[in-house]
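In this note's numbering, the protein residues as written are 245 to 331.
This report concerns only the one structure given below.
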């Protein structure tokens with residue numbers, strides 16, 4: 245059976261990411277923005293949930309899209325300004 249790796253990218257304004265987040269079997273890991281480059285090439289699904297801040301503005305752009313593996317999915321549930329849509 246093929247395993248799908250889903251990476252969830254969270255950017256929490258001033259919050260601490262709890263180690264006690266109940267995981268579901270289909271989520272491989274949850275990463276912070278500074279860990280994105282380590283995992284983006286492995287992910288079958290990149291799910292981004294983050295507020296728009298100065299820090300998150302255009303956090304996903306041409307460099308990140310280029311590193312995503314062929315056939316992977318990008319799911320954005322955040323404000324549009326997090327993504328460089330011209331990429």
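Heads up, the beta-carbon is just placed ideally off N, CA and C, and yes, glycines get one too.
Among the options, which one has its Cα closest to the Cα of residue i?
i           : options            : result
residue 323 : 280, 282, 283, 296 : 296
residue 284 : 329, 301, 315, 298 : 315
residue 212 : 298, 321, 292      : Outside the shown range of the chain, which is 245 to 331, sits residue 212, and nothing can be said about it.
Starting from the C-beta of residue i, find all residues in its chain whose C-beta is less than 6 Å away, skip the five residues before and the five after it, and write them out in chain order.
i           : result
residue 325 : 296, 301
residue 317 : 289
So, helix, strand or coil for residue i, using DSSP?
i           : result
residue 283 : helix
residue 259 : Legend: pLDDT at residue 259 = 46, less than 50; position of this residue unreliable, value from coordinates given subsequently. DSSP places residue 259 in coil when its eight states are reduced to three.
In terms of residues, what are the limits of the alpha helix (DSSP H) holding residue i?
i           : result
residue 306 : 306–311
So, is the C-beta of residue i closer than 8 Å to a C-beta in chain B?
i           : result
residue 301 : Given the protein chain composition of this structure (a single chain), no chain B is represented.
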